[in-house]
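J.: Attaching a single structure in structure tokens format; questions to follow.
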Amino acid sequence: MSTDALARLEQTTSSGPLTHLPIWSEVDAADVEPGITALVESAQAEFAALEESVVPTWAGLVEPLERIEHRLSVIGTIMHLTSVKYSDELQAAYDKVRPAVVAMSNTMNQSRPIYEAMVALQTSAEGHSLSIERARILDESIRGMERSGVALTGAEQDRYKQIKERLAELSNMFKTNLLKEEMSSRVKVANEERLDGVPDAVIEISRAQAADDGAETGWHFLVNAVSYLGILQHATDRSLREEMYRAFRSRGVQPEFDNRPVLKEILELRQEQAKLVGFDNYAALSLDAKMAPSTAAVWELLDQLEQAARPAAESEMEALAAFMADQGAEGANDPAPWDIAFWSERQKEALYGYDAEALRDYFQLPKVLDGLFSLITKLYGVEIAESSDTNVPVWDPSVQFFEVRRDGDVIAGFYVDPYSRPGEKRGGAWMNTVVSRDRLLAAGNAESSLPVALFVMNARPPADGRPGLMSLDEVRTLFHEFGHATQHMFTEINEGGASGMNLVEWDSVELASQFNEYWMEHKPFLRALTAHVDTGEPLDDDTLDRIIDSRNFLVANATLRQLHFAKTDMALHQRFGIDPALTDPAQVDIDMAVETLVTPRLEDESPLPAFGHIFAGGYAAGYYSYKWAEVLAADAFAAFREAGLDNDAELQVVATRFRETVLGLGGSRPAAEVYRLFRGRDATPDALLADQGLINVA
Ligand SMILES: [Zn+2]
Numbered sequence: 011m012s013t014d015a016l017a018r019l020e021q022t023t024s025s026g027p028l029t030h031l032p033i034w035s036e037v038d039a040a041d042v043e044p045g046i047t048a049l050v051e052s053a054q055a056e057f058a059a060l061e062e063s064v065v066p067t068w069a070g071l072v073e074p075l076e077r078i079e080h081r082l083s084v085i086g087t088i089m090h091l092t093s094v095k096y097s098d099e100l101q102a103a104y105d106k107v108r109p110a111v112v113a114m115s116n117t118m119n120q121s122r123p124i125y126e127a128m129v130a131l132q133t134s135a136e137g138h139s140l141s142i143e144r145a146r147i148l149d150e151s152i153r154g155m156e157r158s159g160v161a162l163t164g165a166e167q168d169r170y171k172q173i174k175e176r177l178a179e180l181s182n183m184f185k186t187n188l189l190k191e192e193m194s195s196r197v198k199v200a201n202e203e204r205l206d207g208v209p210d211a212v213i214e215i216s217r218a219q220a221a222d223d224g225a226e227t228g229w230h231f232l233v234n235a236v237s238y239l240g241i242l243q244h245a246t247d248r249s250l251r252e253e254m255y256r257a258f259r260s261r262g263v264q265p266e267f268d269n270r271p272v273l274k275e276i277l278e279l280r281q282e283q284a285k286l287v288g289f290d291n292y293a294a295l296s297l298d299a300k301m302a303p304s305t306a307a308v309w310e311l312l313d314q315l316e317q318a319a320r321p322a323a324e325s326e327m328e329a330l331a332a333f334m335a336d337q338g339a340e341g342a343n344d345p346a347p348w349d350i351a352f353w354s355e356r357q358k359e360a361l362y363g364y365d366a367e368a369l370r371d372y373f374q375l376p377k378v379l380d381g382l383f384s385l386i387t388k389l390y391g392v393e394i395a396e397s398s399d400t401n402v403p404v405w406d407p408s409v410q411f412f413e414v415r416r417d418g419d420v421i422a423g424f425y426v427d428p429y430s431r432p433g434e435k436r437g438g439a440w441m442n443t444v445v446s447r448d449r450l451l452a453a454g455n456a457e458s459s460l461p462v463a464l465f466v467m468n469a470r471p472p473a474d475g476r477p478g479l480m481s482l483d484e485v486r487t488l489f490h491e492f493g494h495a496t497q498h499m500f501t502e503i504n505e506g507g508a509s510g511m512n513l514v515e516w517d518s519v520e521l522a523s524q525f526n527e528y529w530m531e532h533k534p535f536l537r538a539l540t541a542h543v544d545t546g547e548p549l550d551d552d553t554l555d556r557i558i559d560s561r562n563f564l565v566a567n568a569t570l571r572q573l574h575f576a577k578t579d580m581a582l583h584q585r586f587g588i589d590p591a592l593t594d595p596a597q598v599d600i601d602m603a604v605e606t607l608v609t610p611r612l613e614d615e616s617p618l619p620a621f622g623h624i625f626a627g628g629y630a631a632g633y634y635s636y637k638w639a640e641v642l643a644a645d646a647f648a649a650f651r652e653a654g655l656d657n658d659a660e661l662q663v664v665a666t667r668f669r670e671t672v673l674g675l676g677g678s679r680p681a682a683e684v685y686r687l688f689r690g691r692d693a694t695p696d697a698l699l700a701d702q703g704l705i706n707v708a
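Here the working numbering runs 10 ahead of the position in the sequence shown, where the first position is 1.
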């Protein structure tokens, strides 16, 4: 019976006040298809009934919608298991049912009767007296629906639908072209000497590729990021670097995989789409859901950063050329595009070189977690301890479950899945939410459910009596992800739609995470995380300095590179298809590159046909968000610096304010307003520029 399958998938349990914990180990691949099919059917029926009989009140409209969304969230449990307990059966079942769940939430977001009821609620007496967070949930839902065309009628509505379908096709085509091209192009090497310097792992892949291609000898490099970085950063053979550079930088223009007409049509349709729903251009539509108040404000920030970074970027290139001359490098007087990555790696090694593998011995997982948890305890006045409840459901015996308490009361919980499990666990590190703080999910007389998060890492498992060891990057990612989780776990909002990270604008969502990473730049704190696995000794001063200082190596050029992308993205979505003088998107990109970058490049080189972020990802008129959030994080951390990073009492005052505003209020109010509550003013780029050594602070 399919309803039995659904009941099994939807089973949850509790650990004290932490409720709605999925029983991970009982999710059976065989239940997924019948269970989710039954779920979608019943959700459709419930939704259709709601559309029929909807009453424009909070209880008659918003709550029933949220309840349906809660039920659909079981798909998240299955998705998580495909990443940490992979099996072909589970993945196939998930792939089969996911589209129906996505279609169901689209239907809900595009329902005219629901939209009309929301507008009626907003303008009713109840609507005028809603709490701040409810008013925001309602307003954001209405605006989101309007942006997706729900208010249109007749021919305009038909056209909108057509555009949407075509855009989905085009971005898929964009991605597929790049994939197909990657699979079909090769940089071939016959002579082993040419591989000098290339990392072994990259050589192995290219040898296997050659064998796959039926070549008995030689190496075939796919034209992708792995080969590109391996060769451009490390191959001593300059002509090999040139060959790979030219191949990689001309992706998306070969006749069979030409993305140029695709992206042009995407841009034109986006402009038409924006106009249909009442915006001057697509950039304005994109910003309607973001923290940045206007395209002018985005340009102002990009210009400020560029002015600060440009002179520093020029000095960086001069220093690199001097280093090349010193090393007797070919092309030192006039570096070619394919010299930059290679020689900057050599320069970085000379200036800051440390052995990344040897560093692992200093980052013992239990000690790193302790250091992170005591930081969180010191800042936010909570205690973190592993749960003593041995019945908490986990997906693997190595997974740990922690409780977060304030004044003795549990306020949140989180899972940590620390070690790599080749074959069933995806690489990398990430966090996810499991349960949100939500009045509608409250059990017993609780005010609301309590937030639960999960962390997945891929640290090296314990072996031979030694604890698990982490790379520096893994430690940094853990801090980043834990920063996201503080916003989820310390939320003070009981409305699920606006608690935690929900409704936090896209361009400010990386504030909490990048802020938390900043602690690793503080030497005493970084030192305290380290202890050699055999001797217990902390990392020496010189290496700590190298780690911290290397973060700013070539930072001005990295900034200009990001600004080039951000400016191109913004200019295209603001002006292409509107300003008749702009006929070729690539020209916009090339002009921006000439204006922004100080590194050598090929004259007609344009990364646009391979710029998946904006043509096949979620970054359209949003690439600037990287910089926007960095500015926020640096400015927020500056408040802690001003208090004194080693002054615990003052630090706690700032941290409490941060917890009560940025972390506690999250998306329940506009990000700019929340930030002002924390800082007493808007963020400025000064702190970021000072941290990166791009301006001098008095
Ligand atoms: Zn993040």
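Note that the Cβ used here is the ideal one computed from N, Cα and C, for glycine as well.
Applying the criterion that 16 or more other CB atoms from any shown protein chain within 10 Å of the CB defines a buried residue, is ARG370 buried or exposed?
T.: buried
J.: Going by the C-beta, is SER518 closer than 7 Å to any heavy atom of ligand 1?
T.: no
J.: Can you confirm whether the region 16 to 33 touches the region 388 to 395 when touching is taken to mean that 3 or more C-beta pairs between the two stretches lie within less than 8 Å?
T.: no
J.: Does the structure place the region 307 to 318 close enough to the region 209 to 222 that three or more beta carbon pairs sit under 8 Å?
T.: no
J.: Quick check: the region 514 to 529 against the region 407 to 422, are at least 3 beta-carbon pairs closer than 8 Å?
T.: no
J.: Within the chosen definition, does the region 301 to 310 reach the region 574 to 590 through at least 3 CB pairs nearer than 8 Å?
T.: yes
J.: Is the Cβ-Cβ distance between GLN374 and LEU451 less than 8 Å?
T.: No, the Cβ-Cβ distance between GLN374 and LEU451 is not below 8 Å.
J.: Tell me where the beta strand (DSSP E) around LEU464 begins and ends.
T.: LEU464 -> beta strand (DSSP E) spans 462 to 469.
J.: Below 8 Å between beta carbons: does that hold for MET334 and ALA342?
T.: yes
J.: Assign ILE215 to one of three DSSP states: helix, strand, or coil.
T.: helix
J.: In the DSSP assignment, the beta strand (DSSP E) including GLY423 goes from what residue to what residue?
T.: 419 to 429
J.: Which complete beta strand (DSSP E) runs does the region 571 to 610 hold, if anything under 3 residues is left out?
T.: none
J.: Output the residue ranges of the alpha helix (DSSP H) runs that lie fully inside the region 675 to 707 and measure 4 residues or longer, sorted by chain position.
T.: Those alpha helix (DSSP H) runs which fall completely within the region 675 to 707 and span 4+ residues are 681 to 689 and 696 to 701.
J.: Got a sec? Which residues, its chain only, sit under 6 Å from VAL608 by beta carbon, not counting five neighbours each side?
T.: ALA323, GLU324 and MET327
J.: Alpha carbon to alpha carbon, how far is ALA319 from LEU704? Give it in angstroms, no decimals.
T.: The straight-line gap separating the alpha-carbon atoms of LEU704 and ALA319 is approximately 6 Å.
J.: Could you check which residue in GLU56, THR29 and ALA299 has the C-alpha nearest to that of ALA630?
T.: ALA299
J.: Could you check whether ARG270 and VAL6 sit closer than 8 Å to each other, using their CB atoms as the reference points?
T.: Any property of residue 6 remains undetermined from this structure, which presents the chain solely from 11 to 708.
J.: Measure the alpha-carbon distance for THR227 versus SER195 and round it to whole angstroms.
T.: 18 Å
J.: For SER523, verify whether its CB is less than 7 Å away from any heavy atom of ligand 1.
T.: yes
J.: Report the CB separation of PHE289 from LEU382 in whole angstroms; it is logged as a contact under 8 Å.
T.: Incorrect: roughly 43 Å between the Cβ atoms, too far for contact.
J.: Give me the Cβ distance between ALA649 and ASP701, rounded to the nearest whole Å; I'm assuming they're in contact under 8 Å.
T.: With 8 Å as the limit, ALA649 and ASP701 do not qualify as a contact, their Cβ atoms being about 13 Å apart.
J.: Suppose the cutoff is 6 Å on Cβ atoms and the five residues either side in sequence are ignored; what does the same chain contact list for LEU464 look like?
T.: Closer than 6 Å at the Cβ level, and outside the excluded window around LEU464, lie TYR425, ASN442 and VAL444.
J.: My output table needs one value for PHE289: the three-state DSSP class, helix, strand or coil.
T.: coil
J.: Would you please state the rounded distance, in angstroms, between the beta carbons of PHE647 and PHE535? I believe it to be under 8 Å.
T.: Between PHE535 and PHE647 the Cβ distance is about 12 Å, and since that is not below 8 Å, they are no contact.
J.: Would you mind working out which of VAL404, SER397, ARG537 and PRO590 sits nearest ARG415, comparing C-alpha positions?
T.: Ranking VAL404, SER397, ARG537 and PRO590 by CA distance to the CA of ARG415 puts SER397 first.
J.: Could you tell me if PRO265 is buried or exposed, where buried requires 16 or more neighbouring beta carbons within 10 angstroms of its beta carbon?
T.: exposed
J.: Once DSSP output is grouped into helix, strand and coil, what is the label at PRO32?
T.: Here PRO32 sits in strand by DSSP.
J.: Can you tell me whether TRP229 is helix, strand or coil according to DSSP?
T.: Three-state DSSP puts TRP229 in a strand.
J.: Quick one: what does DSSP say GLN21 is sitting in, helix, strand or coil?
T.: coil
J.: Pick helix, strand or coil for VAL50, following the three-state DSSP scheme.
T.: helix
J.: Quick check on the DSSP output: the beta strand (DSSP E) that includes ALA102 runs from which residue to which?
T.: Per DSSP, ALA102 belongs to no beta strand (DSSP E); it is in the alpha helix (DSSP H), 98 to 119.
J.: Just how far apart, CA to CA, sit ARG146 and ASP105?
T.: 34 Å
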